[in-house]
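> Quick one: the structure is below, questions incoming.
In my numbering, the protein residues as written are 255 to 592.
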């Protein structure tokens, strides 16, 4: 009797408990529906919304809505990502362990370790998710194939020293061509050679010495070109000066020759008119040049003599006076002969 009354006092009405459970379940279902009815996309992301197996890319950043349990959303990172080929980053196993991916053979049958770093990004999120299971792994396999093919066509000296830029460019173009064929929704951004070393320390030291010698050669060539560039303007200036001096000397000699020719012609004209007087004058001029201090004694008629000093006064007499004297002498000579 007492137990039955107690149960009636502390028991919960059956109808009210069922209502509370329904409310809780409804709130839970509503919360799940609300939580699955929207999604957000960041600037560096894109989304793929799959509705009944039909994918569609959503590229606009921000808040978006979807049908819960009907549409499935997968986010894809579109920033530039990368992976290593031939070496391990920190924390990726034993850093001193040799990696087989890095060991390659060159066209001259030398072994060499070459490390690469490839960068890529997703260009088509739908193809990146559904065209292949792991597009990054496919890209890595393509890159390894292209790297080995390209390295195998170059000598070890080119790989270690002068041919790195050309090798990188050829590998990148080869990978881009193959990615276009496979069409897996990702694109290669860049691939670079991180390091290239010979397989042994002795060979590495030998190549370092070769590289040092090449750098010394380049330094010597640069210094020689610098010296040449400094000396060529000076030499050209000196050459121009010599040519100008020669041209001036040439013109001077030409003018001098023309003056002598004019003097000779004038002298010849005088000689043609008065040969005796002209010969005497030429004789006196020659004597003056040889013996500038000579005294000239002229003997006239009746044994008279006269000394003329300096000689210039005699040599430089006016032609008219000389011609007059010559005419007088000629007349006297003719009278004496008669």
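All residues carry an ideal CB built from backbone N, CA and C; glycine is no exception.
Let me confirm a value: residue 300 is counted as buried when at least 16 other C-beta atoms fall within 10 Å, else exposed. Which label applies?
The sequence position of residue 300 within the chain shown is 46, counting from 1. Residue 300 counts as buried, since no fewer than 16 other beta carbons sit within 10 angstroms of its beta carbon.
> Applying the 10 Å Cβ sphere with the 16-neighbour rule, what's the burial state of residue 406?
Walking along the chain shown from the start, residue 406 turns up at place 152. Exposed is the call here.
> Considering only the beta carbon of each residue, do residue 312 and residue 295 sit closer than 8 Å?
Here residue 312 refers to the residue found at position 58 when the chain shown is read from its first residue. Here residue 295 refers to the residue found at position 41 when the chain shown is read from its first residue. It is a contact, given that the beta carbons lie within the stated cut-off.
> Please go through the same chain and pick out, in chain order, the residues whose beta-carbon is closer than 6 Å to the beta-carbon of residue 273, but skip the five residues on each side of it.
Within the chain shown, residue 273 is the residue found at index 19, counting from 1. So no residue of the chain qualifies.
> Taking its Cβ as the centre, do 16 or more other Cβ atoms sit within 10 Å of residue 481, making it buried, or is it exposed?
In the chain shown, the residue the question calls residue 481 occupies position 227. That one is exposed.
> Would residue 392 pass as a contact of residue 341 if the rule is Cβ separation under 8 Å?
The sequence position of residue 392 within the chain shown is 138, counting from 1. The sequence position of residue 341 within the chain shown is 87, counting from 1. Result no, Cβ atoms of residue 392 and residue 341 do not sit closer than 8 Å.
> Can you list, in chain order, the residues of its chain with a C-beta nearer than 8 Å to that of residue 271? Leave out the 5 residues immediately preceding and following it.
Numbered from its first residue, the chain shown carries residue 271 at position 17. Cβ neighbours of residue 271 beyond the five flanking positions: none.
> Which ranges does the beta strand (DSSP E) cover as unbroken runs of at least 3 residues, wholly within the stretch 392-454, from first to last along the chain?
440-451
> Just the C-alpha distance for residue 533 and residue 492, rounded to the nearest angstrom, thanks.
For this step, residue 533 is matched to residue 279 along the chain shown. For this step, residue 492 is matched to residue 238 along the chain shown. Roughly 48 Å separates the two Cα atoms.
> For residue 417, is the classification buried or exposed, using 16 other Cβ atoms within 10 angstroms of its Cβ as the cut-off for buried?
Position 163 of the chain shown holds residue 417. Residue 417 is buried by the Cβ-count criterion.
> Could you compute how far the alpha carbon of residue 524 sits from the alpha carbon of residue 496?
Stepping through the chain shown from its first residue, residue 524 is reached at position 270. Stepping through the chain shown from its first residue, residue 496 is reached at position 242. Roughly 41 Å separates the two Cα atoms.
> Excluding the 5 residues preceding and the 5 following residue 585 in the sequence, name in chain order all residues of the same chain whose CB lies nearer than 8 Å to its CB.
The residue you call residue 585 lines up with position 331 of the chain shown. For residue 585, the predicted structure reports a pLDDT of 43, less than 50, and the residue's modelled location is therefore unreliable. A value from the coordinates is still provided. None.
> Report back the beta-carbon spacing between residue 439 and residue 360 to the nearest angstrom; my notes put them in contact at under 8 Å.
If you number the chain shown from 1, residue 439 lands on position 185. If you number the chain shown from 1, residue 360 lands on position 106. That pair is no contact at about 34 Å.
> What residues in its chain sit with their C-beta under 6 Å from that of residue 432, if we drop five residues either side in the sequence?
Here residue 432 corresponds to residue number 178 of the chain shown, with the count starting at 1. Result list for residue 432: 396, in chain order.
> To the nearest whole angstrom, what separates the beta carbons of residue 336 and residue 367, a pair I think is in contact under 8 Å?
Locating residue 336 in the chain shown gives position 82, where the first residue counts as 1. Locating residue 367 in the chain shown gives position 113, where the first residue counts as 1. Actually they are not in contact, since the Cβ atoms of residue 336 and residue 367 sit about 20 Å apart, beyond 8 Å.
> Have a look at residue 424 and residue 297 and give me their C-alpha separation to the nearest angstrom.
The residue given as residue 424 occupies position 170 in the chain shown. The residue given as residue 297 occupies position 43 in the chain shown. Distance between the alpha carbons of residue 424 and residue 297: 33 Å.
> Please state whether the Cβ-Cβ distance between residue 373 and residue 419 is less than 8 Å.
As a first step, residue 373 must be located in the chain shown, where it is residue number 119. As a first step, residue 419 must be located in the chain shown, where it is residue number 165. Contact: no.
> Taking the straight line between their C-alpha atoms, what separation do you get for residue 571 and residue 513?
Working through the chain shown from its first residue, we reach residue 571 at position 317. Working through the chain shown from its first residue, we reach residue 513 at position 259. Legend: pLDDT at residue 571 = 48, less than 50; position of this residue unreliable, value from coordinates given subsequently. Each residue's alpha carbon lies about 21 Å from the other.
> Terminal residues of the continuous alpha helix (DSSP H) containing residue 532?
Along the chain shown, read from residue 1 onward, the residue named residue 532 stands at position 278. First-last of the alpha helix (DSSP H) with residue 532: 529-544.
> Just the Cα atoms here: how many angstroms apart are residue 454 and residue 468?
Reading the chain shown from its first residue, position 200 is the one you call residue 454. Reading the chain shown from its first residue, position 214 is the one you call residue 468. Computed Cα separation, rounded: 21 Å.
> Short check: CB of residue 302 to CB of residue 320, under 8 Å?
For the purposes of this step, residue 302 is taken as the residue at position 48 of the chain shown. For the purposes of this step, residue 320 is taken as the residue at position 66 of the chain shown. In this structure, residue 320 does not lie closer than 8 Å to residue 302 by Cβ.
> In this structure, does DSSP put residue 337 in helix, strand or coil?
Taking the chain shown and counting its residues from 1, one reaches residue 337 at position 83. Residue 337 falls in the strand class under three-state DSSP.
> Would you say residue 382 and residue 414 are within 8 Å of each other, going by their C-beta atoms?
Numbered from its first residue, the chain shown carries residue 382 at position 128. Numbered from its first residue, the chain shown carries residue 414 at position 160. Taking 8 Å as the Cβ cut-off, residue 382 and residue 414 do not qualify as a contacting pair.
> Unbroken beta strand (DSSP E) runs of length 3 or more, entirely within the stretch 353-378: which are they?
Listed in chain order, they are 357-359, 365-376.
> Give me the Cα-Cα distance between residue 329 and residue 375, rounded to the nearest whole angstrom.
The count along the chain shown starts at 1 and reaches residue 329 at position 75. The count along the chain shown starts at 1 and reaches residue 375 at position 121. For residue 329 and residue 375, the distance between alpha carbons rounds to 14 Å.
> Within 10 angstroms of its Cβ, does residue 452 collect 16 or more other Cβ (buried), or is it exposed?
Residue numbering aside, residue 452 sits at position 198 when the chain shown is read from its first letter. Burial call: buried.
> Three-state secondary structure (DSSP) at residue 307?
Taking the first residue of the chain shown as 1, we reach residue 307 at position 53. Residue state, collapsed to three classes: coil.
> Return helix, strand or coil for residue 271, following the three-state DSSP convention.
Along the chain shown, read from residue 1 onward, the residue named residue 271 stands at position 17. Correct three-state label for residue 271: helix.
> Could you tell me which residues DSSP puts in a beta bridge with residue 294?
Stepping through the chain shown from its first residue, residue 294 is reached at position 40. Answer is 317, bridged to residue 294.
> Mind checking residue 404: buried by the 16 CB within 10 Å criterion, or exposed?
In the chain shown, residue 404 corresponds to position 150, counting from 1. Burial call: buried.
> Would you report the Cα separation of residue 426 and residue 486, rounded to the nearest angstrom?
As a working mapping, residue 426 is identified with position 172 in the chain shown. As a working mapping, residue 486 is identified with position 232 in the chain shown. Their Cα atoms are separated by approximately 44 Å.
> Residues in its own chain within less than 8 Å of residue 507 by CB, not counting five upstream and five downstream?
For the purposes of this step, residue 507 is taken as residue 253 along the chain shown, with counting starting at 1. Result list for residue 507: empty, nothing under 8 Å.
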